[in-house]
Amino acid sequence: MSVRVGVLVFPGSNCEQDVVWAVEHLGAQAELLWHGDGSVSGVDAVVVPGGFAHGDYLRPGAIARFSPVMEAVTEFARGGGPVVGICNGFQVLTEAGLLPGALQKNAGLKFLCAPAVLEVVTTRSVLTGDATVGQRLSVPVNHFEGNYTCDDRTLASLRDDDCIVLRYVDNPNGSVDDIAGICNREGNVVGLMPHPERAVDELLGSADGRVLLGSLLSAAGTSVTA
Amino acid sequence: MSEPVHRALGLTDDEAAEIESILGREPNHLELAMYAVMWSEHCSYKSSRIHLKRLPTEAPWVLVGPGENAGVIDVGDGIAAAIRIESHNHPSAIEPYQGAATGAGGILRDIFTMGARPIALMDPLRFGPLDDPRSRWIAEGVVSGISGYGNSVGVPTVGGETVFDATYTGNPLVNVLCLGLLPADRLVLGAATGEGNLAVLLGSTTGRDGIGGVSVLASAGFGDEDADAEKRPSVQVGDPFEEKRLIEACLALLDAGLVVGIQDLGGAGLTCATSETASRGHAGMDVDVAAVPRREPGMEAFEVMTSESQERMLAIVEPGSLDEVLEICDRWEVRASVVGTVTAGPDRSDGGRLRIVDPDGTLGDAGVLADIPAASLHDAAPLYDRPQRPPEGFDLDARIGPSSGEVPESNDPGADLVAMLCDTSWVWRQYDHQLFVNTVVGPGADATLLRLRDPLSGADTGRGLALTTDGNHRWCAVDPRVGTALVVAEAMANLACVGAHALALVNCLNFGNPEHPEVMWQLSEAIDGMADACEAFGIPVVGGNVSLYNESQGTDIDPSPVVGLLGMVDELVRRPPGPRLVAGGRLVVIGPPPQRELAGSRFAYDRGHRGGGLPALDFGLHAEVARTVAGLVNSGLLAGVHDVAEGGVGLALAEMAVHSGEGFSAARIDDAVDLFSEAPSRIVVCVEPEQLTTVLNVCESAGVPTTRIGVAGGDRLMVKGLVDVALEEATVAWRDRLPNALGHGTTQG
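Top to bottom, those sequences are chains A and B.
Read left to right, the first sequence gives residues 1 to 226 (our numbering).
Read left to right, the second sequence gives residues 1001 to 1749 (our numbering).
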C-alpha cells in the first residue's frame, strides 16, 4: 500500500499543491487537510507547507497554531507520526510548541528567494534517514522570516541531543549556528526553512530535495508497517 | 467664482454638455462623478482608441482579444492562457510600496476574472537614475511592494526588467504583467445576464481610499512635490491575504459553476464593474448603494460608487445559487453581500439603465440617486483624434531625426563596457519566483521559461510557456515607429534564447502628455511600428494598456512602449543553456553582419547623442534567425546563448562572462561602433568545439549568416585592440552596482 501524506491548508497557505506534486512525483499519495477540520486520520505523515497562513498576521504561525487541525497534528506527533514543517510550516510548528526556538526576520531585512547549499548534520530525523551525514544538498530558500533563533540553553540541548538536522554552508539569513532545520528529540517532527519540494526535478535546477522527501516517505512507510 | 463641479472632477465643458444631452437633463453630482471616472483617460482610452484599432489582433489560437479583462489564447491540451499587462505608474510615484502592491493585486483580479488561476507575474520597472535619492526611494519602495504583495498572495514573480534612466526621474514606470491558466471550456466573461439575477459584491469593505484614482492620479502629470503629496490619499491600499482568499473563493465558485458572470473592481470601482457587466450582458442593473459594506461611517453615495478600495469582485449569480455561493465564501472567510439586481436590457424603452438607489436614505437622500444608460459610460465615452506633430527636424521620408553630430569617440571601451554591467538579482531575489514548481528559467535570463501543466490536474504537458517583457526608450526616442518594431523583434529574440516561438503579445504604452502633439505623434507612430512588426511576424496583439500623462515638471518621458510576449516551447526536455560561456567554447554571432550604426544605442545616448536613424530591421531574416536559434537551443547544441540588444555585442559578451565566471577573447570587432551598435537580429552563442560544424551547418542551411568572433575562457574580457578588462573587475562592478546604491540587504556576498 502506498504511503499517504496529509498536507495542511490554511487560508493563505500557498505551497500545498507543490508538496502534493512532489510527493506524488516520488510515488506516494497526497491529500489536502483543511485547517478547520480537526482530524488527520488516515494519513501516514503530515506536511505543514509554506505560504502565509492567516496572512502571517500578528506574526508567522501565531494564528495558525490555534486552528482545529493543529490539535490533531500535535496528537499525531506525540504518537510518533512523522511531521514536517516547511518554511511557514516550520514557523507554525515553533508557534505550536512542537519545536523549540523561533524564526525572526532575515538579518538583511529583505525577503530572499535564492538557492542555498545545505549540509546534512544528522540522519536520525524522519527527513534525513536516507541521506548521509555531511552530504551537501542544493535546495532553494524563500522567506522573509527565516532567521532561526533560540536561547543558549536550547541551542546547547539541540546540539547535545543531535537535533540540528540541516545547516547552511553559506548562511543566507543570520540563523544561529547556521541552522536551516531542526527536529524534536524523537526525530519525528522536523522543521526547515528551505523548500525540498522545489528541488525534486533536474529540469527546475536541482533534484537534491528528493533524498529529503524520500526519507520522509520511507519513515512514513515504516510507521505504517510498524 | 468657484470652478464648476465637472471641471473639478476632470471633465471638460464639452464632455459635460455631452452628458447633459445623453440624459436629457442636467446630471446630478453622483452622475457627474460616475461619468468623470468612466470617461477618464485611464478608463476610456479616449486619446488612444482611435489608434489602437490598427493593431492586428487575430490568429486561429486567439480565444479572446483586446477589450476584455485579459487576452486569452488556446495553448493546447484543453488549456487556455489568459494574459494581461497594466501600468501603475502614477500611484507608484506618489506612494511606491502601495502603488506597486496594488498594481499586482489589480492585475491578478483581471486574470481570475476570466476564470484563470494566476500562475506568474512579471514586473518591467523603470526608475530615475541611481544617484538621485528620490529615485532610489521609489525603487526600494516599489520592489518591496511587489515582494510584499506578490509573495504573500501566492503568485510567483518570474521576471521583468529593471531600468534606471534620467527620463524617469519623478515619473517611474511600474508595469505589471500576469499570466493565468484555465481549462479552455471554463472561460467566463464579465457579463451580467438574466433579468432578476443578483449582483454579489465579494471581498473587502469599501472605504475612502483611491477615490478618483483614475481621474485625479492616472490622467494627469506631476508638478511640484507638495501638490503630489496631497494626491497620496488617491492611492489605494492593498491586503494580499484578502486577495489570496478572494482568488481561492472565486475559483471555487467557478469550479462549482455557480456564477453567471464575474468582474473585478479596479479603476473606477463599483461604477465600472456594475456598468461594464450590465452593458456587456445587454442588460441594466439596480444597485443598492446602502447594501455595500462600508469601511467608515458618513460615506456619501458618490464615494461608495467611485472608491477604488482593493480586493473586491462582483459576481452575477442566479437567486437559487445564492446560498451555495455564500457557503463557499464563508469557508474562505470572504465577505459576500447582495448589492444589486440585473434588470431589463436596452431593448425595452425603459431598460438598460444603471440605477443607483438608496431606498431608506441610509447615506443621505432616499430613492433613486442616479439613473443613466449603463452603456453610455463606455460606448458614449469621448473619442479624440488629438493633433499630432513630429518633432522639429525629423525627416519622415528618411526616418532620420535631427542630427546631434557624430557620436563622440570612446577613450576606453573597456571602461564603458564595465559601466554598463548591472546585476538585477538585488531586485528579483526579493520575489518568490519558484512557487508552483514550474520555473525552469527564472528572472535574470533573456526570457522566463515555465513548464506547462494542466491547471486542474497538474499533469505535465511536456511543453513550456516562455515569457519576456521588453522596452527600449532610447530607440523609441530616436524613432518611435522603427524603435517599437525593434522592441518586438528583441522580445522574439529573447524567446528564441530559451527555445520558444511567439504566440501572442500584450503591450503597455507608456507615454507623456497626449495634449502635446509630439507625444500623440510618438504614440501613433509606436502603434504603427508595433503593427508592422506583429503583422510581419504573425503575432496577434491580445491586450494592452495605455498610460499617458507620464510627465514630470512639464517634461514628458521618452516614449516607452513595453511589450509582453508569450511563447511556446513545443518539447521541453532540457534546461536552456542561458547566457553562459564555457572554457574553450567557440563564440559565434548568428545573424547579419554588423550595421555600422550607433543611433539609439546606449553608447550614443550616454554621450548625449539622441538623433540619427535607427539600424534597419529585416523582418524575414529576423524571423529566420529566431527560428534557427530556438531550434539549436532545443537540440542541446549550444553551451551558451544571449541576444544582442542594449550595449551591443560588447555587452552581450560581457554579460555572458560575468554570469558564468569565464572570460573570453574576441576579434573581428573593429571599433567602438562594432562593439556597441545595437543593430537587430543578432544572437551570440557559445558552442563546444565538437558541435561547431553542426551549428554552422544548421545556420547555413537556414540561410542565416554567422560570424566566428573568438573563444571563451580565461580570466579576462578581451576584444582585440579594444577591450582588456579583468573578469574579477567586471564581476564586482556587475554584482555590486545595485547593492551599493540600494543597500546590501543580505548577508550573502
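We put the CB at the ideal spot given by N, CA and C, even for glycine.
As the structure is a computational prediction, the values presented were derived from the model and not from experiment.
- Distances from the CA of B:A1104 to each of B:A1120, B:A1093, B:A1116 and B:G1115 were compared; the closest alpha carbon is that of B:A1120.
- Contact of A:A114 with chain B is assigned, a C-beta pair being separated by under 7 Å.
- Contacts with chain A at 7 Å (Cβ-Cβ) include B:E1333.
- Exclusion of the five residues before and after B:L1032 leaves V1005, H1006, L1009, L1011, A1016 and I1019 as the residues of its chain whose Cβ lies within less than 8 Å of its Cβ.
- Sorting A:A22, A:H195, A:S41 and A:L127 by C-alpha distance to the C-alpha of A:N188 places A:L127 at the top.
- In this structure, the straight-line span from the alpha carbon of B:A1375 to that of B:G1284 is close to 9 Å.
- With a minimum length of 3 residues, the unbroken runs of beta strand (DSSP E) contained wholly in the segment 1152–1195 of chain B fall at 1157–1164 and 1173–1183.
- Among the bridge pairs identified by DSSP, B:G1284 is matched with B:T1343.
- The alpha carbon of B:V1338 has as its nearest neighbour, out of B:R1186, B:L1314 and B:K1053, the alpha carbon of B:L1314.
- For B:R1737, no chain A residue has a C-beta closer than 8 Å to its own C-beta; the minimum C-beta separation is roughly 17 Å.
- With fewer than 16 other beta carbons inside 10 angstroms of its own, A:F66 counts as exposed.
- In this structure, B:W1039 keeps its C-beta atom at 7 Å or more from the C-beta atom of B:A1531.
- Listed in chain order, the positions of the segment 1135–1155 of chain B with a beta carbon within less than 7 Å of a beta carbon of chain A are S1147, N1151, S1152 and G1154.
- When C-beta atoms of the segment 1071–1078 of chain B are compared with those of the segment 1179–1199 of chain B, three or more pairs fall below 8 Å, so the two segments count as touching.
- Cβ proximity to chain B below 9 Å picks out G50, G51, F52, H54, G55 and D56 from the segment 44–56 of chain A.
- Not a single C-beta of chain B is nearer than 7 Å to the C-beta of A:L8.
- The alpha-carbon of B:S1047 is positioned some 34 Å away from that of B:D1446.
- Counting only runs that start and end inside the segment 1597–1684 of chain B, the alpha helix (DSSP H) elements of at least 4 residues fall at 1602–1606, 1619–1634, 1648–1660 and 1672–1676.
- A Cβ-Cβ distance of about 16 Å is found for the pair B:M1305 and B:T1341, leaving them out of contact under the 8 Å criterion.
- B:V1725 sits close to B:V1418, with the two beta carbons spaced by under 7 Å.
- In this structure, B:G1442 places its C-beta atom within 7 Å of the C-beta atom of B:H1433.
- Residues of chain A with a Cβ closer than 8 Å to the Cβ of B:R1109 do not exist, since the nearest Cβ in that chain sits about 17 Å away.
- For B:G1103, the secondary structure class from DSSP, reduced to helix, strand or coil, is helix.
- In the DSSP assignment, A:L112 is bridged to A:H143.
- Within 10 angstroms of the beta-carbon of B:P1066 lie 16 or more other beta-carbons, which makes it buried.
- DSSP lists B:V1176 as the bridge partner or partners of B:E1086.
- Comparing alpha-carbon positions, the option among A:L32, A:A156, A:L192 and A:A207 lying closest to A:R198 turns out to be A:A207.
- With fewer than 16 other Cβ atoms inside 10 Å of its own Cβ, A:R185 counts as exposed.
- Secondary structure at A:L26: coil, using DSSP grouped into helix, strand and coil.
- Proximity of A:F111 to chain B, defined by a Cβ-Cβ separation below 7 Å, is satisfied.
- Residue-level contact by beta carbon fails for B:R1463 and chain A, as no gap is shorter than 7 Å.
- For B:I1073, the enclosing beta strand (DSSP E) stretches over residues G1071 to D1074.
- The Cβ atoms of A:V121 and A:I164 sit closer than 7 Å to each other.
- Bounds of the beta strand (DSSP E) holding B:H1501 are H1501 to N1510.
- By the 16-neighbour rule on beta-carbons within 10 angstroms, B:W1426 is buried.
- One Cα belongs to B:V1407, the other to B:D1558, and the distance between them is close to 20 Å.
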